[in-house]
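The working numbering puts the first residue of the sequence shown at 9, with every later residue one more than the last. A quick write-up on the structure given underneath.
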Amino acid sequence: MATGARPKVFCSWGFPEAGLAILREHADVQVWDGPDGAPRDVLLDALRNGAAGVLALPPTDRLNVEAMDLAPDLKVISGFGVGFDYVDVPEATRRGIAVCNTPGTLTETTADQAWALMLGAARHVPEGDRYVRSGEWRKYEPALLLGTDIHGATLGVVGMGAIGTAVARRARGFGMRILYAGRSRRPEAEAETGAVHVPLDDLLRQSDFVSLNCALTAETRGLIGTRELELMKPTAILVNTARGGVVKQAELAAALRAGTIASAAIDVFEVEPVAHDDALVACKNAVFAPHLGSATFATRARMSRVACENIVAALEGRRPPFLVNPAVWQE
9 MATGARPKVF CSWGFPEAGL AILREHADVQ VWDGPDGAPR DVLLDALRNG
59 AAGVLALPPT DRLNVEAMDL APDLKVISGF GVGFDYVDVP EATRRGIAVC
109 NTPGTLTETT ADQAWALMLG AARHVPEGDR YVRSGEWRKY EPALLLGTDI
159 HGATLGVVGM GAIGTAVARR ARGFGMRILY AGRSRRPEAE AETGAVHVPL
209 DDLLRQSDFV SLNCALTAET RGLIGTRELE LMKPTAILVN TARGGVVKQA
259 ELAAALRAGT IASAAIDVFE VEPVAHDDAL VACKNAVFAP HLGSATFATR
309 ARMSRVACEN IVAALEGRRP PFLVNPAVWQ E
């Protein structure tokens, strides 16, 4: 970039103006204005043409070696969300590129979504809605769409980070017994929620509801497959608002068809959007949402603002508030 020129920032979607207005004060901003995220060739062209920052749309943008090789001026990648598995973080660190995210902005909203899905699956809310709209409901039927009680049941939380803790906190209002599994104990979460730390296999065996709230890492990819599903109760419900890759999707579909578990409530998929003819989508004993974990007006505006504040800080030589790869930052 020429000396004194405003840095270029590429935004791969029309993010909420709460954040874009901040960027425009400090940079020349290019916003992809299509209904979907920017096509890959558009992203790569922006990098090739001197983008110093990218406001990325996870998980569809792929900021990998190929992309970074085309980006001589790239200083910061800030994602619209908490997950950062769409970035080759070690490669970015090696090149001195800051990788940022928006933790804390969507914790409570995503926990709400997990509970919406859990309640929807337990009490057959989507099926009931369809039944009424179809005109089939013509009389009182005592055995119609019998569901599963949540109050007094056992909830297993896989990944007791901020979102997992928020999910567990809500469970106390339902008088649930709470178990959690993770790499380490979380004493503060235990004190707040009454949750008990157990090995994953024990959690799966004992829980009536299993909520996946862990990050997608090499360790958690494919964490839940046939073996783990067979450990669960046949009456159990699996809820995933984490990342699709945490679950082996084809194996979950097979387990639902076989009645290995009663139901699943899924907000995230291995490949998004999920194919309409995917075996999982064909399972009638499941509830789906199109990745709506953070989808409220207030939360999306907050995410945009924090993501853009990360970019501005990095471009001004200040440490971004939410830096995924702190090793890249030299004070």
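All residues carry an ideal CB built from backbone N, CA and C; glycine is no exception. Here the structure is a predicted model, which is why all the values come from computation and not from measurement.
- prompt: For Gly301, which residues of its own chain have a beta-carbon under 6 Å away from its beta-carbon, when the five flanking residues on both sides are left out?
  reply: Apart from the 5 residues on each side of it in sequence, Gly301 sits with its Cβ closer than 6 Å to the Cβ of Thr118, Gln121, Thr249, Asp275 in its chain, given in chain order.
Straight-line gap, Glu227 to Gly233 (C-alpha atoms, nearest Å): Distance between the alpha carbons of Glu227 and Gly233 is about 14 Å.
- request: Please determine if the stretch 150–169 and the stretch 183–190 are in contact, where contact requires at least 3 C-beta pairs separated by less than 8 Å.
  value: Contact between the stretch 150–169 and the stretch 183–190 is established, with three or more Cβ pairs separated by less than 8 Å.
query: So does the stretch 48–64 actually touch the stretch 326–336, counting three or more Cβ pairs closer than 8 Å?
result: no
message: Given this structure, state the Cα-to-Cα distance separating Ala130 from Ala297, to the nearest angstrom.
response: 15 Å
field: Thr11, DSSP secondary structure in three states
entry: Note that Thr11 scores 49 on pLDDT, short of 50, meaning its location in the model is unreliable and no value can be drawn from it.
message: For a quick check, are the C-beta atoms of Leu125 and Val218 less than 8 Å apart?
response: Contact flag unset, no.
field: Stretch pair the stretch 304–316 + the stretch 19–32: three plus CB contacts closer than 8 Å
entry: yes
task: Return the CA-CA distance between Gly325 and Ala106, expressed in angstroms with no decimal places.
output: 11 Å
query: Any idea what DSSP makes of Val90, helix, strand or coil?
result: coil
- prompt: Can you name the start and end residues of the alpha helix (DSSP H) that Arg138 belongs to?
  reply: 133–142
Close-in-space but distant-in-sequence residues of the same chain around Leu28 (CB under 6 Å, 5 per side omitted): Close CB contacts of Leu28 within its chain, under the 6 Å cut and outside five residues either way in sequence, are absent.
- prompt: What residues are listed by DSSP as bridge partners for Val326?
  reply: Looking at the sequence provided, one finds Arg at residue 326 rather than Val. Its beta-bridge partners do not exist; DSSP assigns none.
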